[in-house]
Structure formats: structure tokens, C-alpha cells
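Chemist: The structure under discussion is supplied below as C-alpha cells; questions concerning it will follow.
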Amino acid sequence: MSDSPVSTHDPKGDVAPAEASPQEQKKMEQAYAQMKRKMSMEEISKKIKHKVMVLSGKGGVGKSTVSTGLALSLAQQGLSVGILDIDITGPNVPKMMGLDGRRLHVESGRIHPAQGHLGVKVISMAFLLDNEDTPVVWRGPIKLGAIQQFIGDVEWGNLDYLIIDFPPGTSDEPLTVAQSLPDIDGMVIVTTPQEVALLDSRKSITFSESLKVPVLGVVENMSGYTISGKAKPGSEIEIAAPAGKTLKTTADDSGAFSVTLDIFKEGGGKLTAEEFGVPFLGALPFDPGFVRGGDDGVHRIVSEPEGPSAIAFAAVVSALQEQIVEDSGSGLEII
Amino acid sequence: MTDELPNMKRFERRELDVVVTYEDGSEFQITYDDLRHACPCAKCSPLRNVDEASKNLRRQVEALPKEKPKVRTVGNYALGFEWTQGCSSGIYRFERIWDLANRRDPDNGKPYVHGAW
Ligand SMILES: Nc1ncnc2c1ncn2[C@@H]1O[C@H](COP(=O)(O)OP(=O)(O)O)[C@@H](O)[C@H]1O
Ligand SMILES: [Mg+2]
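First to last, the protein sequences are chains G and R. Residues in the first sequence are numbered from 1 upward in steps of one, following this note's numbering. Residues in the second sequence are numbered from 1001 upward in steps of one, following this note's numbering.
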């Protein structure tokens, strides 16, 4: 090929028409698409009142359980909520939301979210997979491009909250999202009371500073397991707890008793939060119902909307909502 | 969503109702019964889909002892009410309160389908 990709000027013509080479045309088209996407991201962002990122230092601490739980708990209050699941390594949000096996729904060039439990709108990387068991190994730029597309091309409509579930660790994804989506309220960091998880969650808190996204708070998941039962009224009960401890309690007049076992060490999430001066949003109990819910597609909050786990989530949500008070200049006087 | 929604300036709790004052000076009364009957939570909302269940909810609300709720702001977009009895789960967007103030159906006539209007 003799024509240079750099210049398309007709060497002899003085008023050369602006004929672009195919390469240039492609570049221009890309730039145009990029600009359009950026504008649409801003447009989308305006329709979403609050955007909350959910991160953890380590996988398996319950980040997706917390993301879906927060979304459902907010939806229980009557708010409109969406979840964006961009954990490419293990997108398990659809399963938890009863949307197993869904594929991406595209209509006139726009991506439409699926509706899960309580009307929560869901977009997940899993919708792109042919087979849920095949892990996706996407190269960096393609992956980040897909994320941008997921932000710019999704028809969320008006939302009160968008919850964004990330892969574990301090990867590129949160940065891409933070740069693409204006006005993120902040991030929630999920940890378990284990030392390793706590150590990693400290990294996440430091990471937030580099992202310039505030930490809304730390949630401690799998914080304790409550067993309850019946015995003779007033009888003393001894339970062999982890780490060789013995827990004692007394059955009440009706014979009911309950004790909470600290499966891991207690209170680490709170200490980490205090150490970094970020809010502690609360603790969620270890509840085998979460595991069942993950398997059969009925989230714990849906199967037991008033159970202990739903109550714990509601408390975390109200602590979160307290952190999101901004624009207090509205000057509402409550008498 | 209404575009002409004015900023709420004052929310005064009286014995049986609230007086809501907006930036433009307009003033409205909303009874606690109306407020509670319009609870947007996932448990109360579906009850309003069906006339009979809606009337039932109304009767339940009216049967509750009269009380002034605790009020909290939620972000800059809603209010939450805490009652000693009955449902306290709903978060009322300012749009919803504006609809109630103007005696409009805050559900906009749309049935509630598992969580969303
Ligand atoms: N509070 C909890 N009690 C019991 N099991 C839980 C709890 N939170 C999460 N799990 C279980 O732990 C596993 C990992 O949770 P998941 O939310 O997928 O973690 P992550 O998204 O951080 O990888 C799942 O099987 C989930 O059901
Ligand atoms: Mg996950």
C-alpha cells in the first residue's frame, strides 16, 4: 500500500476535500462513540440518586451476599434499586437474585436489566457467559471496555440506589468505574472477623484514598452464629464453643434459650473501622440460610423477610443511609 | 417523579396529622392515617393493589393507637417514620409526600409488582 495512514491530503490540491482514510474514519467513529458513551454515562448518572460500591480485600467474605442483601433491604423500604455485578471472576449475583441462566437483553442498542426479587434490577457479567462454569479470562482492556459499556449502555431508568459488586482485591475495575460514573457516594468494605480478611480490608481502605471515593463504612460478615433451643425452664445450659471456650446460659421461664457463638474472633471489623476512622456499619450473623439461598436462588431476605438476618441487614442499611446524608443545606425543619 | 416538586421547608407534627410547608409557601395537612396507609415498604405496598386488602390495611392503620412518629431524614431525598406500633419500614420519598399532600395517589394508580412500580 502506497498511501500513508498519516496524511490524506491530496499532494497537489490546495483545497483538498476532507476525505479521511479508512483508519482515520474508524478513529473518528471510535472517538464519537466514546463521546456519546461519556454523555450517556452522565445522563445515566443523573437518574441514579446514589451509587455505592461494595469491595472486599479478599474473596469469599460475602461481598456478593452483602451487595444483594443491601439491595434487597433497600427495596424492602420501597426504594428502586439496581445492582451492577462486574465480578468477572465469579459473578454470582444473578444466582442469588433468582436470575440464574439469564442472558443479556439488548433492545435498540440499549442493554436492559433483568428484574430479580423485589423488583431489583440486575446487570451481571454472568449475562455474557455461555456457561456459568466457564471462568472468563478477559484481557485488561477488553474487560475494562466491557465495564464501560455496562455503565454507558444500560437502561436503568430512575433509581434511588445502584449497588456495584466488584471482584475481590484492589484491581482496575473500581478505578474504571470511579472514572466513568460521576458522583459515586462511596464504598462499603466487607470483611469477616478473621485476621487475614481484616488485613486485606485495611488495604481496601487505603485503596479508597487513591480512588478518591470515600469509605461509607465497614460491614463485618459471618460475625457470629446464634443457636437457640428449648430446655427445662430455668435450667443451666453449657455449650462447648470454638477455641475451647464454654458458654453458659439459663433457659427462661418458657424454657427457651439462645447463645451466640463467635465463630471467628469477635469485633475485628469494628476495630479496623476505628483504627482507620471510618464508620462501622454493623455486623451480619453467620446464617446457613445464605448458603441455601445462593443455591436455590431465593435470597435469605426474601425467604425470611423478618428473620434475624433481614433485621441485621436493615440495621446496616440505616447506618449506610446515615452516611449518605449530603446536601444538608436543604434546611428542613422537623418539629 | 414530578419536576415541579418544591423543597420541603417545614414538617410539623401535630396530634393527628402533620403540616408540611414548602419553599413556595404552600402548606398542606396529611393525617397520620393517610401517611401510614401509604407506606411504601415491600410488605404494605402489595396490599394496596387489591381494593379489599387496601381497605383492610386502612382499618388496621386506623385501629392503631394515635401517636406522633419519630421522623428522620434519609439522605436528601426522603423521610423515615418510626412508630411504636405498626409498620416503620417504609422510606417516603419527597415525591410521595408531595403526592399525599396534594391528595394524589402516591402509587400513581400503578399496581405494585414484587417491589417496583
Ligand atoms: N453471613 C453469612 N452466613 C453464612 N454464609 C454466608 C454468609 N455470607 C456469605 N456466605 C456464604 O459464603 C459464600 C461466599 O459468599 P459470597 O457472597 O459469594 O462472597 P464473595 O462475593 O465475597 O466472594 C457463599 O456460599 C455464601 O452463601
Ligand atoms: Mg462475589
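Glycine included, each C-beta is placed from N, C-alpha and C at the ideal position.
1) Would you decide whether residue 96 of chain G is buried or exposed? Buried here means 16 or more other CB atoms lie within 10 Å of its CB.
2) What does residue 1040 of chain R reach in chain G if we use C-beta pairs closer than 9 Å?
3) When you compare the CB of residue 332 of chain G with every CB in chain R, is at least one pair closer than 9 Å?
4) With H, G and I counted as helix, E and B as strand and the rest as coil, what does DSSP make of residue 89 of chain G?
5) With a 10 Å radius around its C-beta and 16 neighbouring C-beta atoms as the bar for buried, classify residue 10 of chain G as buried or exposed.
6) Span of the beta strand (DSSP E) holding residue 282 of chain G?
7) Report yes if the C-beta of residue 252 of chain G is less than 8 Å from at least one heavy atom of ligand 2; otherwise report no.
8) Let me see if you follow: with CB-CB separation under 9 Å, is residue 1045 of chain R close to chain G or not?
9) What residues are listed by DSSP as bridge partners for residue 1013 of chain R?
10) With DSSP as the reference, please indicate the residues paired to residue 100 of chain G in a beta bridge.
11) Using a Cβ-Cβ cut-off of 7 Å (strictly less than) and excluding sequence neighbours within five positions of residue 314 of chain G, which residues of its own chain qualify?
12) Decide yes or no for the touch test of the segment 164-171 of chain G against the segment 83-90 of chain G: beta carbon pairs closer than 8 Å, at least 3 of them.
13) The beta strand (DSSP E) with residue 53 of chain G in it runs from where to where?
14) Output yes or no for whether 9 Å exceeds the beta carbon distance between residue 118 of chain G and residue 76 of chain G.
15) Any beta carbon of chain G sitting closer than 9 Å to that of residue 1009 of chain R?
16) To the nearest angstrom, how far is it from the Cα of residue 39 of chain G to the Cα of residue 46 of chain G?
17) Report the rounded CA-to-CA distance for residue 220 of chain G versus residue 1072 of chain R, giving the unit in angstroms.
18) Since residue 1037 of chain R is in the alpha helix (DSSP H), which residue starts that stretch and which ends it?
19) Where does residue 35 of chain G land, buried or exposed, given buried means 16+ other C-beta within 10 angstroms?
20) Does the distance from the C-beta atom of residue 1089 of chain R to that of residue 101 of chain G stay below 9 Å?
21) For residue 160 of chain G, decide whether its Cβ has a neighbour in chain R, counting only Cβ atoms nearer than 9 Å.
22) For chain G, find out if any of its Cβ atoms is closer than 9 Å to the Cβ of residue 1090 of chain R; answer yes or no.
23) For a contact meaning CB atoms closer than 8 Å, what does residue 1071 of chain R contact in chain G?
24) Excluding the five sequence neighbours on either side, which residues of its own chain have a C-beta within less than 7 Å of the C-beta of residue 1093 of chain R, listed in chain order?
25) For residue 973 of chain R, which three-state DSSP category applies?
26) At the level of alpha carbons, what is the spacing between residue 126 of chain G and residue 88 of chain G?
27) State the DSSP-derived secondary structure class of residue 1077 of chain R, mapped to helix, strand or coil.
28) Looking at the C-beta of residue 211 of chain G, does it have a partner C-beta in chain R at a distance below 9 Å?
29) Between residue 1001 of chain R and chain G, is any beta-carbon pair separated by less than 9 Å?
30) Tell me the DSSP secondary structure of residue 183 of chain G in three-state form.
31) Any idea what DSSP makes of residue 1070 of chain R, helix, strand or coil?
32) Kindly list, in the order they appear in chain G, the residues whose Cβ is closer than 9 Å to that of residue 1013 of chain R.
33) Tell me the rounded alpha-carbon separation between residue 174 of chain G and residue 211 of chain G.
34) Under 9 Å, Cβ to Cβ, is there at least one residue of chain G near residue 1093 of chain R?
35) Between the C-alpha atoms of residue 1035 of chain R and residue 218 of chain G, what's the straight-line distance to the nearest angstrom?
36) For residue 1086 of chain R, would you say it is in contact with chain G, using Cβ-to-Cβ distances shorter than 9 Å as the test?
Modeler: In short, the structure shows the following:
1) On the first sequence, residue 96 of chain G is found 96 positions in, with the first residue counted as 1. Residue burial annotation: residue 96 of chain G is buried, with at least 16 other C-beta atoms found within 10 angstroms of its C-beta.
2) Residue numbering aside, residue 1040 of chain R sits at position 40 when the second sequence is read from its first letter. Those are 77, 78 and 79, listed as they occur along chain G.
3) In the first sequence, residue 332 of chain G corresponds to position 332, counting from 1. Yes, contact with chain R.
4) Residue mapping note: residue 89 of chain G aligns to position 89 of the first sequence, counting from 1. Residue state, collapsed to three classes: coil.
5) One-based indexing of the first sequence puts residue 10 of chain G at position 10. Unreliable positioning characterises residue 10 of chain G in this predicted model, as indicated by a pLDDT of 47, which lies under 50. A coordinate reading is not provided.
6) Counting from 1 along the first sequence, the entry for residue 282 of chain G is found at position 282. Note, residue 282 of chain G: beta strand (DSSP E), 280-283.
7) As a working mapping, residue 252 of chain G is identified with position 252 in the first sequence. Outside the cutoff, so no.
8) For the purposes of this step, residue 1045 of chain R is taken as residue 45 along the second sequence, with counting starting at 1. At least one chain G Cβ lies under 9 Å of residue 1045 of chain R.
9) Stepping through the second sequence from its first residue, residue 1013 of chain R is reached at position 13. Looking at the DSSP assignment, residue 1013 of chain R forms a beta bridge with R:1018.
10) Residue numbering aside, residue 100 of chain G sits at position 100 when the first sequence is read from its first letter. Paired residues: none, contrary to the question.
11) Sequence index remark: in the first sequence, residue 314 of chain G carries index 314 (1-based). Counting only Cβ-Cβ distances below 7 Å, and skipping sequence neighbours, we find 73.
12) yes
13) Taking the first sequence and counting its residues from 1, one reaches residue 53 of chain G at position 53. Here the beta strand (DSSP E) through residue 53 of chain G covers 48-55.
14) Taking the first residue of the first sequence as position 1, residue 118 of chain G is located at position 118. Taking the first residue of the first sequence as position 1, residue 76 of chain G is located at position 76. Cβ distance < 9 Å, so residue 118 of chain G and residue 76 of chain G count as in contact.
15) Here residue 1009 of chain R is taken as the residue at index 9 of the second sequence, counted from 1. Nearest CB-CB separation between residue 1009 of chain R and chain G: below the 9 Å threshold.
16) Looking up residue 39 of chain G in the first sequence gives position 39. Looking up residue 46 of chain G in the first sequence gives position 46. Roughly 11 Å separates the two Cα atoms.
17) Here the question's residue 220 of chain G lines up with position 220 in the first sequence. Here the question's residue 1072 of chain R lines up with position 72 in the second sequence. Their Cα atoms are separated by approximately 25 Å.
18) Taking the second sequence and counting its residues from 1, the one referred to as residue 1037 of chain R is at position 37. Secondary structure note for residue 1037 of chain R: its alpha helix (DSSP H) is the uninterrupted segment 1032-1037.
19) As a first step, residue 35 of chain G is located in the first sequence; it is residue number 35 there, counting from the start. The residue is exposed, with fewer than 16 neighbouring Cβ atoms inside 10 Å.
20) For the purposes of this step, residue 1089 of chain R is taken as residue 89 along the second sequence, with counting starting at 1. For the purposes of this step, residue 101 of chain G is taken as residue 101 along the first sequence, with counting starting at 1. Their beta carbons are not under 9 Å apart, which means residue 1089 of chain R does not touch residue 101 of chain G by this criterion.
21) Residue 160 of chain G sits at position 160 when you count from the first residue of the first sequence. Cβ-Cβ to chain R under 9 Å: yes for residue 160 of chain G.
22) Residue 1090 of chain R sits at position 90 when you count from the first residue of the second sequence. Taking Cβ atoms only, chain G reaches closer than 9 Å to residue 1090 of chain R, which makes this a yes.
23) What you label residue 1071 of chain R is simply residue 71 of the second sequence in a count that begins at 1. Within 8 Å Cβ-Cβ: 334.
24) Here the question's residue 1093 of chain R lines up with position 93 in the second sequence. Counting only Cβ-Cβ distances below 7 Å, and skipping sequence neighbours, we find 1077 and 1078.
25) Outside the displayed span of chain R (1001 to 1117) sits residue 973 of chain R, for which this structure offers no information.
26) Here residue 126 of chain G corresponds to residue number 126 of the first sequence, with the count starting at 1. Here residue 88 of chain G corresponds to residue number 88 of the first sequence, with the count starting at 1. Between residue 126 of chain G and residue 88 of chain G, the C-alpha separation is close to 7 Å.
27) Numbered from 1 along the second sequence, position 77 holds the residue referred to as residue 1077 of chain R. DSSP places residue 1077 of chain R outside both helix and strand once states are collapsed to three, so it counts as coil.
28) Along the first sequence, read from residue 1 onward, the residue named residue 211 of chain G stands at position 211. Chain R places no beta carbon closer than 9 Å to that of residue 211 of chain G, leaving this residue out of the contacts.
29) Indexing the second sequence from 1 puts residue 1001 of chain R at position 1. Unreliable positioning characterises residue 1001 of chain R in this predicted model, as indicated by a pLDDT of 45, which lies under 50. A coordinate reading is not provided.
30) Within the first sequence, residue 183 of chain G is the residue found at index 183, counting from 1. Note: residue 183 of chain G maps to coil in three-state DSSP.
31) Taking the second sequence and counting its residues from 1, one reaches residue 1070 of chain R at position 70. For residue 1070 of chain R, the secondary structure class from DSSP, reduced to helix, strand or coil, is strand.
32) Taking the first residue of the second sequence as position 1, residue 1013 of chain R is located at position 13. The contacting residues are 334 and 335.
33) Start at 1 with the first residue of the first sequence, and residue 174 of chain G comes out as number 174. Start at 1 with the first residue of the first sequence, and residue 211 of chain G comes out as number 211. Rounded to the nearest angstrom, the two C-alpha atoms are 8 Å apart.
34) The sequence position of residue 1093 of chain R within the second sequence is 93, counting from 1. Put simply, the CB of residue 1093 of chain R is near chain G, with a gap under 9 Å to one of its CB atoms.
35) Along the second sequence, read from residue 1 onward, the residue named residue 1035 of chain R stands at position 35. Along the first sequence, read from residue 1 onward, the residue named residue 218 of chain G stands at position 218. Roughly 34 Å separates the two Cα atoms.
36) For the purposes of this step, residue 1086 of chain R is taken as the residue at position 86 of the second sequence. Residue 1086 of chain R does not count as touching chain G.
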